[in-house]
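Visitor: Below you will find the structure I want to go over with you.
As structure tokens, then:
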């Protein structure tokens with residue numbers, strides 16, 4: 267027990283020494299905290315390996331040269347060939363304003379315009395991102411073709427692809443300004459929101475879902491978190507990446523019209539609409 271206690275003390279002292287020696291590197295990699303951040307600093311941050319060595323009998327921390335060419339785990343990105351008609355935006359040109367959903371969704375600014383960016387941080391996230399781009403493009407083409415007004419089906423418009431060099435990693439869409447305290451239906455406290463308002467949200471989601479189904483598309487992950495409420499108290503449908511959330515859609519109905527309708531019914535129950 268005594269040996270263990272001594273070892274703990276030694277390790278703690280060693281940790282303090284290493285932390286002190288790493289301070290210059292922390293400052294270097296942190297950059298200027300007052301400088302505007304670009305999205306690439308969050309999505310594709312630089313990676314460096316540090317190692318301890320002895321220089322003239324003194325412990326030093328140096329950067330391992332092998333880390334200079336390190337590019338991280340294999341990341342192939344999304345297949346962009348089928349989206350060649352979409353505008354392209356480089357990750358390094360996108361200014362970060364706010365993290366909306368960790369490692370996934372960001373409020374950004376591009377050439378002075380506020381937008382919403384959705385990106386794949388890992389290869390496993392690429393397929394849902396690709397599915398969503400395809401769905402949003404189909405919706406946008408149909409909206410233009412049939413001259414559908416924006417308030418008929420409130421779904422954020424697709425703006426373009428996000429590339430990191432020649433690798434597709436996500437997309438830009440309209441940023442929907444929400445109004446606290448109810449940014450999404452999930453935040454709704456039924457007792458403080460009038461029945462007429464809740465019924466309006468439900469009907470807007472229902473009508474949008476019917477329009478989506480008329481195009482042979484499926485929403486997929488229908489749930490209260492995926493219904494935004496804008497400044498004018500209108501409901502917007504978001505997230506076409508597929509999959510499902512337990513309690514909203516049964517697993518055997520994932521990414522089917524029946525699953526969407528089941529989720530819609532559970533949304534009605536959540537809003538306590540009679």
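Residue numbers (our numbering): 267 to 540. C-beta atoms are modelled at their ideal positions from N, C-alpha and C, and glycine is treated no differently.
Helix, strand or coil: how does DSSP classify residue 267 here?
Guide: Note on residue 267: pLDDT 48, under 50, position unreliable in the model; the coordinate value appears next. Three-state DSSP puts residue 267 in coil, outside helix and strand.
Visitor: Rounded C-beta distance between residue 486 and residue 507? I'm assuming under 8 Å.
Guide: Right, the Cβ-Cβ distance comes to about 7 Å (below 8 Å), so this counts as a contact.
Visitor: Would residue 436 and residue 384 be called neighbours here (beta carbons separated by less than 7 Å)?
Guide: Yes, these two residues count as a Cβ contact at 7 Å.
Visitor: Pull up the DSSP beta-bridge partners for residue 426, would you.
Guide: Bridge partners of residue 426: 438.
Visitor: List, from N- to C-terminal side, the alpha helix (DSSP H) runs of 4 residues or more that fit wholly inside the region 363-429.
Guide: 392-411, all fully within the region 363-429.
Visitor: Need the endpoints of the alpha helix (DSSP H) that residue 461 sits in, please.
Guide: Its alpha helix (DSSP H) spans residues 461-480.
Visitor: How about the region 490-510 and the region 409-424: do they share at least three Cβ pairs that are nearer than 8 Å?
Guide: Contact holds: three or more Cβ-Cβ distances are below 8 Å.
Visitor: Excluding the five sequence neighbours on either side, which residues of its own chain have a C-beta within less than 8 Å of the C-beta of residue 401, listed in chain order?
Guide: If we look at residue 401 and ignore the five residues flanking it on each side, its Cβ neighbours are 483 and 506.
Visitor: So, with DSSP's three-state summary, where would you put residue 296?
Guide: DSSP places residue 296 in helix when its eight states are reduced to three.
Visitor: Between which two residues does the alpha helix (DSSP H) holding residue 360 run?
Guide: Run containing residue 360: none; DSSP gives neither H nor E here.
Visitor: According to DSSP, simplified to helix, strand and coil, what is residue 276?
Guide: Helix at residue 276.
Visitor: Which word fits residue 369, buried or exposed, when buried means at least 16 other C-beta atoms lie within 10 angstroms of its C-beta?
Guide: Label assigned to residue 369: exposed.
Visitor: May I ask you to report which of helix, strand or coil DSSP gives residue 495?
Guide: Note: residue 495 maps to strand in three-state DSSP.
Visitor: Going straight from the alpha carbon of residue 376 to that of residue 356, what length do you get?
Guide: Near 10 Å, if we compare the C-alpha coordinates of residue 356 and residue 376.
Visitor: What are the boundary residues of the alpha helix (DSSP H) that residue 354 is part of?
Guide: Counting along the chain, residue 354 falls outside any alpha helix (DSSP H), though it belongs to the beta strand (DSSP E) covering 354-356.
Visitor: Which value, in whole angstroms, describes the spacing of the CA atoms of residue 478 and residue 308?
Guide: One C-alpha to the other measures close to 33 Å.
Visitor: Buried or exposed for residue 398, please, with buried defined as at least 16 other CB atoms from any protein chain shown within 10 angstroms of its CB.
Guide: Buried, because 16 or more other Cβ atoms sit within 10 Å of the Cβ of residue 398.
Visitor: Given a cut-off of 7 Å, decide if residue 327 and residue 287 are closer than it, judged by their beta-carbon atoms.
Guide: Yes, they are a contact pair.
Visitor: With H, G and I counted as helix, E and B as strand and the rest as coil, what does DSSP make of residue 445?
Guide: Residue 445: coil per DSSP, three-state reduction.
Visitor: Let me know if residue 310 comes out buried or exposed under the rule of 16 or more other beta-carbons within 10 Å of its beta-carbon.
Guide: Flag for residue 310 reads buried.
Visitor: With a cut-off of 8 Å, do at least 3 Cβ pairs link the region 424-443 to the region 343-357?
Guide: Yes: the two stretches touch, three or more of their Cβ pairs being nearer than 8 Å.
Visitor: Please classify residue 267 as buried or exposed, where buried requires at least 16 neighbouring CB atoms within 10 angstroms.
Guide: Residue confidence for residue 267 is low, a pLDDT of 48 falling below 50, so the modelled location carries little weight and cannot support an answer.
Visitor: Taking the continuous alpha helix (DSSP H) assigned at residue 239, which residues delimit it?
Guide: The chain is shown from 267 up to 540; residue 239 falls before or after that span and cannot be answered.
Visitor: Should residue 374 and residue 305 be called a contact, given that it needs their Cβ atoms to be closer than 7 Å?
Guide: A contact, by the Cβ cut-off of 7 Å.
Visitor: Give every residue of the same chain whose Cβ lies closer than 6 Å to the Cβ of residue 538, excluding the five residues on either side of it in the sequence, and list them in chain order.
Guide: Around residue 538: 456.
Visitor: Within the same chain, show all residues whose beta-carbon is closer than 6 Å to that of residue 344, passing over the 5 residues directly before and after it, in chain order.
Guide: Cβ neighbours of residue 344 beyond the five flanking positions: 392, 395, 396 and 434.
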